[in-house]
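Quick notes on the structure that follows.
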Amino acid sequence: MRIKATALALLVVLTMLFAIPAAASAQPPSLPQYFFGTLKIDGADAPVGTTIEARVPGVVPGPLNPFVTTQAGIYGDFSPSAKGPGLVVGGDIAEGATIEFFINGSKANETAPWQSGQTTRLDLTLGVVPPPGATPPTVETGNAASITAESATLFGTLSNLGTATTVNVFFEYGTTVSYGNNTGAQTTPGPITFSTSLTGLLPDTLYHFRARADGGTEGIGLGIDRTFSTSGTVAPGVTTDGAASITTSSAILSGNLTGLGTAPSVEVSFEWGTSVGGPYPNITNVQSKTNTGVFTASLSGLSPSTTYFFRAKASGGLHGTSFGTQKSFVTQAIASDGGGFALPPPPPPPPQVTVSISGGSGKVTIDDKGTVQEDAKIESKDGRVKLNMKRGTKALKKDSKPVDSITGDPVEKDKAPKLPEDKAMLGQPVDFGPDGATFDPPLELVLSYAGEPLPAGITEDKLVIAYWSETEWVIVGGQIDHAAKTIAVSVSHFTLFAVTAPVLPPATLPTTPEPTPTPTPTPTPLPTPEPTPTPLPTPTVTLAPQPIPSPTPTATLMPPPAPTPEPAPTPVPTPTITVTVMPTLQPVPTPTPIPAPTTVPSPEPMPPAQTGGVGWVFAGLLIVAMALGAFVAILVMRRLARR
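In the numbering used here, the protein residues as written are 94 to 736.
The structure is reproduced here in structure tokens:
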């Protein structure tokens, strides 16, 4: 029984010896790292809703990476013991690996090493970082006013220039806190209150805006984010153009439907009478229109030598009704050549063509042959788009008929055709119509780039104007006015135009080489784990001969049972048997020198290869140990059975 107990105890010890290294090879999961700190963009507090993302090989995205801020200029909890919401970075990450941070998708100026389980304060910045001693300007965002379905007026106050000598002030606005649109910049040498009118807005839409003061290298000041909502409906737009073909008893009235508002269709007509300012007891036949453009109506049965007053009317039903300004005309008097015959009426004057560009409007006279009758200069309401045409210019539509209206509508960047990868678009492109209209000699188109940030490494001299040819963007160049921040170019046809700038290739940017550390986990030491199985044969060779001496004791034990009179001496040799058995079993733990596999971790870049190899070796040794223990147990049981 002592032999049986000793063998079983030895088996348990061997099992534990092999199981302990195998268990040690399993690594506990890494704890995440918690980040918090201040957050500035261009030297000013980042607004609420700014997104921060940590990127590093092996990172696992989670509910707090990316992290969206709930306070201006701060991310995370400044009482880290409370572990409030902050940027939490976790995953299968190598200790000390460099973490890169991205603010609203752009790479921040700072990085940090990954340290499992640590709480780290890291103040993040993006864009311009003012030099030591510089003070950015201070600007405040006022409330929006005069809000309609498609327009609003923004107000701001520059209260301090900081250390800058002059400051450019303007507004950022859009449907999210990312804004995406800038108003024209205004340069000032001192504190001022400034405002800008927005047009072309979407009805029933929430807009975000904030004032911005650019002090150049001294830093940028940002006002708080404010919002306003446009109304839900927009009345159609209409103008009263004039009267033509006037005789003693008839005339032709002309108007222009400049916008449908939010109505799917609009009914247009003219109200008229003989009283200045109305009332207008008469109305022409109603015409239904689903597109903007010029419309006319004929009057007859008029009295000679009489002044008539009229105005255009556009009704969008529930969407609202608009009226053009009042205009007048005088019918001709009945004249004769002395013989009682009436003289023919004089020819009608050439019609005036309405020009509407980004909220600005004007008139240009074009005759029935498409010839411009006078020099004309028309610009948008915000002054960022200008068209200059000379007298004598031939202005014809696609069908070779005279141009009867000119429009210039801003287009959202994301709705415009995409530029090539090496080009960037500044500001909103403008779509001029009628599409395909031609001008000889060409018109002068002037676009402003004031307040538009230039791509990294690009100067103003690299800016050009491009147009969309229905299949691709075509560069036409342009003449830059650095003082006015404008580009002028001659255009002979109408289409979509935009200010563009080249973008430096990614290879020249400092950010591209940084991802290269990812190849570091590919050291060729991978083959080195393969020799580790070689130690396996050595334990099996040493263990295989050990059981061979065990039969010799059985041969010496066979004679003692024969002389039954002397059973007492038989137990004496049994200690020698146990002594011989113990040495044979004692060497079995020699696999403990298996430090040879522990040298495998030297190629630390490939931890997965180590754990897998060592685990198989220990599993094999464990099986051998269990087999040896079973073998010893069988021998002991057989010996006991023979007794």
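The beta carbon of each residue, even a glycine, is placed where N, CA and C say it ideally should be.
query                                                                                                           : result
Residue of L538, Y542, A559, E193 minimising C-alpha distance to E553                                           : Y542
Every unbroken beta strand (DSSP E) within the stretch 365-407, with a cutoff of 3 residues, ordered by chain   : 380-382, 386-392
Backbone secondary structure at P694 - three-state DSSP                                                         : Unreliable positioning characterises P694 in this predicted model, as indicated by a pLDDT of 44, which lies under 50. The coordinate reading is nonetheless provided below. Coil, per DSSP.
T389 to G413 span [Cα, whole Å]                                                                                 : 21 Å
Straight-line gap, R477 to F160 (C-alpha atoms, nearest Å)                                                      : 37 Å
Terminal residues of the beta strand (DSSP E) in which S252 lies                                                : 245-253
Coil, strand or helix - L411 by DSSP                                                                            : helix
Cβ-Cβ distance between P372 and G314 below 8 Å                                                                  : no
Helix, strand or coil at E265 according to DSSP, with G and I counted as helix                                  : strand
For A594 and K555, the rounded distance between their alpha carbons                                             : 6 Å
Inter-residue spacing [alpha-carbon to alpha-carbon] between D460 and I345                                      : 16 Å
Beta-ladder partner(s) of F194, from DSSP                                                                       : A147
DSSP beta-bridge partners of M518                                                                               : T593
Inter-residue spacing [alpha-carbon to alpha-carbon] between T333 and F402                                      : 11 Å
Beta-carbon spacing of V523, D502 below 8 Å                                                                     : yes
Local Cβ density within 10 Å of D135, reported as buried at 16 or more and exposed below that                   : buried
Rounded Cβ spacing between V592 and G520 (contact assumed at less than 8 Å)                                     : 6 Å
Reference I499; option with closest CA among D297, N158, S473, E233                                             : S473
Sequence-distant residues of the same chain with beta carbon closer than 7 Å to L215, five excluded per side    : F128, G130, E203, A205
D574 classed as buried or exposed, judged by whether at least 16 other C-beta atoms fall within 10 angstroms    : exposed
Anticipated Cβ contact below 8 Å, K382 with S347, distance rounded                                              : No, K382 and S347 are not in contact; Cβ-Cβ is about 14 Å, not under 8 Å.
Spatial neighbours of E545 in its chain, beta-carbon cut-off 6 Å, leaving aside the 5 residues before and after : L519, G520
Whole-angstrom distance between V327 and L353, CA atom to CA atom                                               : 8 Å
Coarse secondary structure for A278, derived from DSSP in three states                                          : coil
DSSP three-state assignment for I134, whether helix, strand or coil                                             : strand
Buried or exposed (CB count within 10 angstroms, at least 16 for buried), P666                                  : Confidence is the limiting factor: at P666 the pLDDT is only 46, short of 50, which leaves the residue's position unreliable, though a coordinate-based value still follows. Its Cβ having fewer than 16 others within 10 Å, P666 is exposed.
Where T241 falls: helix, strand or coil (DSSP)                                                                  : coil
Residue burial classification, S393 (beta-carbon count within 10 angstroms, cutoff 16)                          : exposed
Given 8 Å, three or more beta-carbon pairs between the stretch 208-226 and the stretch 307-321                  : yes
T310, DSSP secondary structure in three states                                                                  : helix
Collapsed DSSP secondary structure at R477 in the structure displayed                                           : coil
8 Å Cβ cutoff met for I317 and T234                                                                             : yes
Closest by C-alpha distance to T323, when choosing among Y300, S342, L489, T340                                 : Y300
CB contact flag (K456, P534, <8 Å)                                                                              : no
Three-state class that DSSP yields for V717 in the structure shown                                              : helix
I558 burial status per 10 Å Cβ neighbour count (16 or more: buried)                                             : buried
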